[in-house]
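Trainee: Quick note, the sequences are listed as chains A and B, same order.
So for the first sequence, the working numbering puts the first residue at 195; every next one is plus one.
So for the second sequence, the working numbering puts the first residue at 195; every next one is plus one.
Mind having a look at this structure? Questions to follow.
Protein chains: 2
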Amino acid sequence: MTSRSTGDATAGEQATVTFTELYERVEAIFRNAGLSAEQAGPIARMIAAGERDGAASHGIYRIEGCLRTIRAGKVNATAVPELQDDGSAVVRVAAHDGFSGAALEVGVPVLAERARQLGLAALVIHDTAHFSALWYDVEALTELGLAALALCPSYTAVAPSGGREALLGTNPIAFGWPRPGRPPYVFDFATSMAARGEVELHLRAGTPLPDGWAIDAEGRPTTDPEAALAGALLPFGGHKGSAISIMIELLGGIMIGDLTSPESLANMGTDARIPSHGELILAFDPARFAAGRPGDPAQRAEVLFDAILGQGARLPGQRRYLARERSLAEGITLTAAEVEQLNRFESLGLDAVAD
Amino acid sequence: MTSRSTGDATAGEQATVTFTELYERVEAIFRNAGLSAEQAGPIARMIAAGERDGAASHGIYRIEGCLRTIRAGKVNATAVPELQDDGSAVVRVAAHDGFSGAALEVGVPVLAERARQLGLAALVIHDTAHFSALWYDVEALTELGLAALALCPSYTAVAPSGGREALLGTNPIAFGWPRPGRPPYVFDFATSMAARGEVELHLRAGTPLPDGWAIDAEGRPTTDPEAALAGALLPFGGHKGSAISIMIELLGGIMIGDLTSPESLANMGTDARIPSHGELILAFDPARFAAGRPGDPAQRAEVLFDAILGQGARLPGQRRYLARERSLAEGITLTAAEVEQLNRFESLGLDAVAD
């Protein structure tokens with residue numbers, strides 16, 4: 195990829211950068227904030243990938259929360275993730291309170307090998323400052339020809355269906371299916387109707403929330419962003435989404451012996467920091483599952499995708515892949531605000547963030 | 195359990211029976227219809243369990259569809275399920291076109307053993323006339339102290355989010371978490387807003403459908419039951435539920451080398467018969483996952499459940515467990531229509547159903 199950077203971007207101007215340029219700038223910010231190379235590299239790669247894909251929710255604006263967590267001493271800046279492999283279907287990486295990205299990069303190759311060997315395997319990341327887009331995590335496995343399901347708790351923000359108070363996290367779940375020669379089928383969503391950040395956008399814009407997003411502190415439905423932030427978000431899909439969110443607390447928190455969403459919030463003290471919990475990723479080898487059965491799973495999946503696209507529906511991830519294609523061809527366009535943020539983090543380091 | 199049967203129940207009167215009495219009557223109906231003992235027993239157990247739990251969707255009224263499938267020669271009435279175990283994390287049972295219940299009973303003990311050994315394992319049921327409530331299947335594993343996730347395709351009835359035509363099945367997904375000394379945390383739901391049967395109930399009652407259930411044959415939202423039956427159901431939770439439903443076609447159909455929902459409908463020719471496809475069940479051993487980690491997963495889960503119940507929300511399955519408790523204490527009350535159905539199937543056998 196050749197550089198298409200505008201060079202000396204200053205505050206107030208948008209800029210176009212290559213993936214590598216962006217990665218290197220973000221990596222340097224984290225190195226200057228005290229992270230080891232092993233910790234800084236994976237985070238910088240993911241943030242650059244978020245910007246490349248137009249997925250700003252895991253892009254530059256999230257650097258601030260990471261820096262706050264480092265400044266608060268709530269992450270082990272030089273943690274060395276430790277592989278714990280007993281040869282079973284459960285591969286563990288003890289993150290030792292480091293960021294999840296470093297642990298993921300240690301665990302994925304072993305998970306993939308184990309899934310090929312046994313047909314199915316799990317990766318558990320323990321004790322981590324969790325900052326990761328789950329689509330990014332499952333794509334690491336689809337690139338290796340595997341299907342993957344990833345889930346984790348987050349921070350208490352969501353009331354269970356029929357309840358009155360925030361208890362569950364926005365608990366994301368992601369799934370990936372490999373498509374040879376094309377971007378994978380990937381979904382990744384919060385199990386709440388909306389994220390807290392989206393409610394905050396409505397608050398700043400002075401616009402009401404859509405129906406069904408939230409309840410107030412008394413448990414009554416509300417479209418008032420302020421009342422919603424004092425109350426709770428609602429799960430997507432009513433009692434069904436609520437049941438899935440509870441499953442995520444059970445499998446991705448309690449079963450693996452890591453924190454649930456309320457425990458993570460209590461541990462960090464504020465949702466302005468990166469949450470501390472674990473992550474569970476299942477990897478499936480379609481070649482193993484389909485062995486000896488009629489039909490090639492890769493081809494059969496394309497028949498299904500064609501039928502979906504043929505009736506005018508979209509596949510999840512399509513928008514992200516279009517942005518990716520454009521970014522790789524033309525460079526990643528950063529907004530003026532993003533350029534300003536990068537400049538500020540580069541010049542001030544950890545002093546750029548409040549305690 | 196002592197018999198509380200009213201004895202000679204005749205058409206038009208409700209009756210109270212024990213689980214065992216109901217099981218034996220249903221088993222005899224299937225034996226008379228030509229099923230082997232190995233095929234008839236598991237179906238009869240599940241139907242009796244459905245009635246015990248007040249879950250009529252898998253109770254007596256479903257006998258008719260099973261008999262139709264037998265009469266049409268679309269199920270192997272004397273199939274002997276074949277365990278295919280290579281020692282990996284994927285345990286298979288070839289159902290050889292028999293009903294899924296018999297295959298499940300062969301596979302579950304091996305799945306449980308493998309999950310305890312490896313931490314995580316999968317059961318794949320191949321080539322089966324699929325008649326099973328997934329809550330029933332995951333409960334078979336929670337009874338053994340394991341968590342379980344089950345999923346399978348069904349019959350084409352649901353349009354993907356943003357689409358215009360039925361393509362996906364109502365694709366159920368179920369999850370179970372064991373609770374020592376109590377009924378498990380279990381959810382089991384269709385990934386559509388509603389089942390086709392519920393739309394048919396509205397048609398018969400002459401009542402409009404709730405918003406968001408269905409589209410007509412031109413892909414427009416409709417509340418007219420007749421237009422909905424000519425069109426398509428919609429997934430629950432918008433694009434999120436749609437993405438999960440597609441995942442179920444991929445994992446529970448294509449990956450395991452069994453039929454997708456459209457393929458199953460094409461194979462059976464009508465949705466009045468039991469669909470032919472596979473099923474995927476994952477089993478997790480919480481004791482293995484949590485080993486060496488702080489806290490007991492069983493106790494921690496109860497803290498979460500208490501917090502949910504303490505704010506007035508319910509756990510999925512609660513209604514079923516209340517019905518179960520009542521049934522076990524007082525007997526299972528059959529409606530007059532159910533008594534009439536049983537009587538008819540007993541006297542007419544396969545002649546009770548149309549081709």
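Virtual Cβ for every residue (Gly too), placed ideally from N, Cα, C.
From B:Ala231 to B:Ala283, what distance separates their C-alpha atoms?
Mentor: Those two C-alpha atoms are separated by around 30 Å.
Trainee: Kindly say whether A:Asp331, judged by its beta-carbon, lies nearer than 9 Å to any beta-carbon of chain B.
Mentor: Output row for A:Asp331: interface = no.
Trainee: Is B:Glu443 closer than 9 Å to B:His324 when the C-beta atoms are compared?
Mentor: Not in contact: B:His324 and B:Glu443 (Cβ atoms no closer than 9 Å).
Trainee: In terms of residue numbering, what span does the beta strand (DSSP E) encompassing B:Tyr349 cover?
Mentor: That residue, B:Tyr349, is in no beta strand (DSSP E); it is neither H nor E in DSSP.
Trainee: Closer than 7 Å by C-beta to A:Leu338: which residues in its own chain qualify, once you throw out the five before and the five after it? Chain order, please.
Mentor: Hits under 7 Å: Ala306.
Trainee: Got a sec: is the Cβ-Cβ distance from A:Ile450 to anything in chain B below 9 Å?
Mentor: Yes - at least one Cβ of chain B is within 9 Å of the one on A:Ile450.
Trainee: Just how far apart, CA to CA, sit A:Cys260 and A:Ile468?
Mentor: Their backbone Cα atoms lie some 6 Å apart in a straight line.
Trainee: With distances taken from CA atoms, which of A:Arg246, A:Ala243, A:Ile254 and A:Gly235 is nearest A:Arg538?
Mentor: If we check each option's Cα against that of A:Arg538, A:Ile254 comes out closest.
Trainee: How big is the Cα-Cα spacing for A:Trp407 and B:Phe224?
Mentor: Cα to Cα, A:Trp407 sits roughly 49 Å from B:Phe224.
Trainee: If contact means a Cβ-Cβ distance below 7 Å, which residues of the segment 336–359 of chain B contact chain A?
Mentor: For the segment 336–359 of chain B, which is checked against every Cβ of chain A, the residues closer than 7 Å are Ala341, Pro354, Ser355, Gly356, Gly357, Arg358 and Glu359.
Trainee: Kindly list, in the order they appear in chain A, the residues whose Cβ is closer than 7 Å to that of B:Ser282.
Mentor: Here the neighbours are Leu312 and Gly313.
Trainee: Using a cut-off of 8 Å between C-beta atoms, extract the partners of B:Leu423 located in chain A.
Mentor: The contacting residues do not exist; B:Leu423 stays about 18 Å from chain A at best.
Trainee: If we ignore side chains and look at the alpha-carbon of each, how far apart do B:Leu445 and A:Leu312 end up?
Mentor: For B:Leu445 and A:Leu312, the distance between alpha carbons rounds to 16 Å.
Trainee: Would you list the residues sitting across from A:Val285 in a DSSP beta bridge?
Mentor: Looking at the DSSP assignment, A:Val285 forms a beta bridge with A:Asp279 and A:Leu317.
Trainee: Answer yes or no: the CB of B:Gly253 versus the heavy atoms of the ligand FMN, is any distance below 8 Å?
Mentor: As for the ligand FMN, it is missing from this structure, which has no ligand bound.
Trainee: Near A:Ile551, which residues of its chain fall below 8 Å by C-beta distance, leaving aside the five closest residues on each side in sequence?
Mentor: Outside the displayed span of chain A (195 to 549) sits residue 551 of chain A, for which this structure offers no information.
Trainee: In the DSSP assignment, what residue or residues form a beta bridge with A:Ile526?
Mentor: BP columns for A:Ile526 point to A:Val211.
Trainee: If I measure Cβ to Cβ from B:Pro419 and keep anything under 7 Å in the same chain, skipping five residues before and after, which residues do I get?
Mentor: Same-chain partners within the cutoff: Val393, His396, Leu397 and Leu403.
Trainee: Residues in its own chain within less than 7 Å of A:Asp202 by CB, not counting five upstream and five downstream?
Mentor: In this predicted model, A:Asp202 has a pLDDT of only 46, less than 50, meaning its place in the structure is not dependable; the value taken from the coordinates is given anyway. Excluding sequence neighbours, A:Asp202 sits near nothing in its chain.
Trainee: Would you kindly work out how many angstroms separate the C-alpha atoms of A:Glu218 and A:Val380, rounded to a whole number?
Mentor: Cα to Cα, the separation comes out at about 27 Å.
Trainee: I want to know whether the segment 421–436 of chain B touches the segment 421–439 of chain A - three or more CB-CB distances under 8 Å.
Mentor: These segments touch.
Trainee: My assumption, with CB atoms under 8 Å, is that A:Arg358 sits in contact with B:Gln505. Please give the rounded CB distance.
Mentor: That belief holds up - the Cβ atoms of A:Arg358 and B:Gln505 are roughly 5 Å apart, short of 8 Å.
Trainee: Round the Cβ separation of A:Ile448 and B:Ala507 to the nearest angstrom and send it over; I've been treating them as touching at under 8 Å.
Mentor: About 18 Å separates the two Cβ atoms, so there is no contact after all.
Trainee: Any beta carbon of chain A sitting closer than 9 Å to that of B:Val318?
Mentor: Yes, contact with chain A.
Trainee: Residues of chain B with CB closer than 9 Å to the CB of A:Glu412, please, in chain order.
Mentor: Within 9 Å Cβ-Cβ: nothing; A:Glu412 doesn't reach chain B, min ~12 Å.
Trainee: Check this for me: beta carbons of B:Thr454 and A:Leu498, under 9 Å apart or not?
Mentor: In this structure, A:Leu498 lies closer than 9 Å to B:Thr454 by Cβ.
Trainee: So is B:Ala484 in contact with chain A if we call contact Cβ pairs under 9 Å?
Mentor: Output row for B:Ala484: interface = yes.
Trainee: If we cut at 9 Å on Cβ distances, does B:Met462 have a partner in chain A?
Mentor: For B:Met462, the answer is no, since every Cβ of chain A falls outside 9 Å of its Cβ.
Trainee: Mark B:Gln512 as exposed unless 16 or more other C-beta atoms lie within 10 angstroms of its C-beta, in which case mark it buried.
Mentor: So B:Gln512 ends up on the exposed side.
Trainee: Report the residues of the segment 364–380 of chain A with a CB closer than 8 Å to any CB of chain B, ordered along the chain.
Mentor: Cβ contacts with chain B: Phe369, Trp371 and Tyr379.
Trainee: If you draw a straight line from the C-alpha of B:Thr196 to the C-alpha of B:Ala460, how long is it?
Mentor: Its pLDDT being 38, under 50, B:Thr196 is placed unreliably by the model, and the measurement read from it follows with that caveat. The alpha-carbon atoms of B:Thr196 and B:Ala460 are separated by roughly 46 Å.
Trainee: Work out the CA separation of B:Pro480 and B:Trp370 for me, nearest whole Å.
Mentor: Before going further, note that residue 370 of chain B is Gly rather than Trp in the sequence given. So the alpha carbons of these two residues sit roughly 12 Å apart.
Trainee: Assuming the contact rule is C-beta atoms closer than 8 Å, A:Ala411 and A:Ala424 should be a hit. Round their C-beta distance to whole Å, please.
Mentor: Yes, they are in contact, since the Cβ atoms of A:Ala411 and A:Ala424 sit about 5 Å apart, within 8 Å.
Trainee: What distance in whole Å lies between the Cβ atoms of A:His252 and A:Ala327, which are believed to be in contact at a cut-off of 8 Å?
Mentor: The pair is a contact, with the Cβ atoms about 4 Å apart (cut-off 8 Å).
Trainee: Could you check whether the Cβ of A:Met441 sits closer than 9 Å to any Cβ belonging to chain B?
Mentor: Closer than 9 Å: yes.
Trainee: According to a CB-to-CB cut-off of less than 7 Å, which residues of the segment 505–527 of chain B neighbour chain A?
Mentor: Cβ contacts with chain A come from Gln505, Gly506, Ala507, Arg508 and Pro510.
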